[in-house]
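Written below as structure tokens is the structure these notes are about.
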Amino acid sequence: MTQLHSATTHAPTPPSDPQASGLDADLVAVDAALAVFFAERSAAAGDFGHAYRRLWESARDAAEGGKRLRPRFLLSAFHGLGAPDDRREDAIRTAVAFELLHTAFLLHDDLIDGDTVRRGRPNVAGEFSADALFRGADAPLATVWGESAALLAGDLLLHAASDQLARLDAPAGVRSRLLDALDRAVFVTAAGELADVGLATGMTARGIPDVLAMTEHKTAAYSVSGPLTAGALLAGASDGLLDVLAHYGRLVGAAFQLGDDLLGVFGRPAVTGKSIVSDLREGKETSLIAFARGTAVWPELAVALGRRDLDAVAAVRFASLLQECGARGFVERLLAENVDAAIAAVGSPAVPAALASELTAVARSCVGRIV
Numbered sequence: 008m009t010q011l012h013s014a015t016t017h018a019p020t021p022p023s024d025p026q027a028s029g030l031d032a033d034l035v036a037v038d039a040a041l042a043v044f045f046a047e048r049s050a051a052a053g054d055f056g057h058a059y060r061r062l063w064e065s066a067r068d069a070a071e072g073g074k075r076l077r078p079r080f081l082l083s084a085f086h087g088l089g090a091p092d093d094r095r096e097d098a099i100r101t102a103v104a105f106e107l108l109h110t111a112f113l114l115h116d117d118l119i120d121g122d123t124v125r126r127g128r129p130n131v132a133g134e135f136s137a138d139a140l141f142r143g144a145d146a147p148l149a150t151v152w153g154e155s156a157a158l159l160a161g162d163l164l165l166h167a168a169s170d171q172l173a174r175l176d177a178p179a180g181v182r183s184r185l186l187d188a189l190d191r192a193v194f195v196t197a198a199g200e201l202a203d204v205g206l207a208t209g210m211t212a213r214g215i216p217d218v219l220a221m222t223e224h225k226t227a228a229y230s231v232s233g234p235l236t237a238g239a240l241l242a243g244a245s246d247g248l249l250d251v252l253a254h255y256g257r258l259v260g261a262a263f264q265l266g267d268d269l270l271g272v273f274g275r276p277a278v279t280g281k282s283i284v285s286d287l288r289e290g291k292e293t294s295l296i297a298f299a300r301g302t303a304v305w306p307e308l309a310v311a312l313g314r315r316d317l318d319a320v321a322a323v324r325f326a327s328l329l330q331e332c333g334a335r336g337f338v339e340r341l342l343a344e345n346v347d348a349a350i351a352a353v354g355s356p357a358v359p360a361a362l363a364s365e366l367t368a369v370a371r372s373c374v375g376r377i378v
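The numbering of the sequence shown is our numbering, which starts it at 8 and goes up by one.
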């Protein structure tokens with residue numbers, strides 16, 4: 008199921024904080040802290056055997072290669088709100104927590120989808136499965152080994168994310184609110200993931216409101232709203248400002264996913280890096296499909312959706328039908344409305360002008376990548 012992957016070339020443009028040098032230095036510090044975390048865990052895991060050490064090394068590999076979108080959001084809010092320098096280490100550690108959370112979700116998401124490759128290389132499940140096959144295991148046994156490793160790795164990183172926040176030097180009240188924010192992000196994202204599977208399997212309702220709610224819950228909570236509000240909390244933001252940033256995050260997260268739905272059918276793969284057949288072959292219940300279900304072209308679309316042998320020619324025909332029935336226009340309007348609402352939200356007097364400008368640019372990038 009689709010996540011807001013920080014490694015994709017079509018992710019929303021991350022904020023480039025007004026205090027650019029401070030942000031850049033802190034992002035380097037986040038990478039360094041992640042490296043130390045995985046090195047320490049891998050070394051300790053060696054006491055429990057080679058396989059467990061390799062599990063941690065594979066989890067480390069899964070965390071590499073991204074654009075650190077979530078740390079960028081968090082640190083942009085932290086710096087943009089003029090946070091005191093003595094909270095910097097807490098901000099870096101909180102950014103590490105959200106990156107560990109992201110990696111955990113990717114591992115579990117691949118497990119749910121049965122994927123063994125991520126970012127062009129074997130993921131944890133793929134690596135462990137391949138190793139088992141190399142050592143002579145049959146395919147079913149290799150799959151069990153790989154999936155077990157991926158499940159455990161994701162579980163370990165979920166716990167590690169909470170542990171990072173529990174060990175902050177921040178005041179107890181701030182630390183408690185950060186843990187609440189992380190808990191909320193996990194809770195809401197899991198609801199979105201379950202809804203995504205339910206939509207794909209037909210186990211839940213497939214109306215447009217259901218698809219849009221899934222989109223918001225699965226993407227926005229931990230990718231945008233959570234990091235932004237965490238950075239703002241560390242900067243001492245008021246509850247009113249936290250509400251504004253959370254609202255903005257929900258709108259931008261949803262806008263990104265609506266844009267991703269469009270790119271998955273109407274995009275140019277050479278530009279976006281995203282296939283125009285994979286979503287259709289998977290039978291994804293996107294906003295486009297939800298709209299098309301109630302139109303006259305649905306019978307023809309229904310025959311093609313989910314076919315593993317769907318080729319590029321059939322995908323182009325599919326796209327033309329989605330345009331003809333009004334699905335593309337509907338989703339483009341929804342995306343534009345979300346972007347406009349997000350920009351209006353950060354126009355609040357409570358948001359410092361420099362931060363509002365950065366967040367406005369991020370929102371507009373959600374539209375720019377599909378035109």
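Here a beta-carbon is modelled for each residue, glycine too, at the ideal position from N, C-alpha and C.
- For valine 151, the enclosing alpha helix (DSSP H) has its first and last residue at 146 to 173.
- By the C-beta criterion, the stretch 227 to 241 is judged to be in contact with the stretch 77 to 86, since at least 3 inter-stretch pairs fall below 8 Å.
- Put simply, of Phe273, Gly238, Glu96 the residue whose alpha carbon is nearest the alpha carbon of aspartate 286 is Phe273.
- Secondary structure of proline 356 (DSSP, three-state): coil.
- Threonine 208 counts as exposed, since fewer than 16 other beta carbons sit within 10 angstroms of its beta carbon.
- Between the alpha carbons of valine 151 and arginine 142 lies a gap of roughly 14 Å.
- By the neighbour-count criterion, in which a residue is buried when 16 or more other Cβ atoms sit within 10 angstroms of its Cβ, phenylalanine 55 is exposed.
- Going by C-alpha positions, arginine 300 is about 10 Å away from cysteine 332.
- In the structure shown, valine 284 adopts coil according to DSSP, grouped into three states.
- In terms of Cβ geometry, valine 358 and leucine 248 form a close pair [threshold 8 Å].
- DSSP places proline 78 in the uninterrupted alpha helix (DSSP H) bounded by 76 to 87.
- DSSP places proline 178 in the coil class of the three-state scheme, outside both helix and strand.
- Beta-bridge partners assigned by DSSP to proline 234: none are found.
- The continuous alpha helix (DSSP H) containing glutamate 134 extends over residues 131 to 141.
- Per the DSSP secondary-structure output, arginine 324 pairs with nothing in a beta bridge.
- Assigned with DSSP and collapsed to three states, arginine 315 falls in coil, not helix or strand.
- Its chain contains Ala132, Phe135, Ser136 as the residues whose beta carbon lies nearer than 6 Å to that of glycine 153, once the 5 sequence neighbours on both sides are disregarded; these appear in chain order.
- Annotated three-state conformation of arginine 128 is strand, per DSSP.
- Shortest Cα-Cα distance from lysine 291 to any of Leu308, Gly72, Gln171, Pro276 involves Leu308.
- Shortest Cα-Cα distance from leucine 118 to any of Ser294, Ile99, Gly161, Leu148 involves Gly161.
- With respect to the 8 Å criterion, leucine 88 and leucine 366 are not classified as neighbours on the basis of their beta carbons.
- By the neighbour-count definition (other C-beta atoms within 10 Å, threshold 16), aspartate 318 is an exposed residue.
- By the C-beta criterion, the stretch 165 to 174 is judged to be in contact with the stretch 91 to 105, since at least 3 inter-stretch pairs fall below 8 Å.
- Taking C-alpha positions only, arginine 257 is separated from isoleucine 350 by approximately 12 Å.
- It is roughly 15 Å from the alpha-carbon of aspartate 93 to the alpha-carbon of leucine 30.
- Residue environment analysis places aspartate 246 among the exposed positions, since fewer than 16 neighbouring C-beta atoms fall within 10 angstroms of its C-beta.
- Setting aside the 5 residues that flank it on each side, alanine 149 is surrounded in the same chain by Ser136, Ala139, Leu140, each with a C-beta closer than 6 Å to its C-beta; the list follows chain order.
- Going by DSSP, methionine 221 is part of the alpha helix (DSSP H) stretching over 215 to 222.
- In the DSSP annotation of this structure, the continuous segment of the alpha helix (DSSP H) that includes threonine 101 starts and ends at 95 to 120.
- When the alpha-carbon of glycine 127 is set against those of Ala202, Gly336, Glu71, Ala343, the nearest one is in Glu71.
- DSSP places lysine 291 in the coil class of the three-state scheme, outside both helix and strand.
- Excluding its 5 nearest sequence neighbours in each direction, alanine 192 has C-beta neighbours in its own chain below 6 Å: Ala228, Tyr229, Gly233, listed in chain order.
- Judged by DSSP in its simplified three-state form, cysteine 332 adopts coil rather than helix or strand.
- Within its own chain, the residues whose Cβ lies closer than 7 Å to the Cβ of histidine 254, once the five positions on either side in sequence are excluded, are Ala352, listed in chain order.
- Using a Cβ distance threshold of 8 Å, valine 218 and leucine 206 count as a contacting pair.
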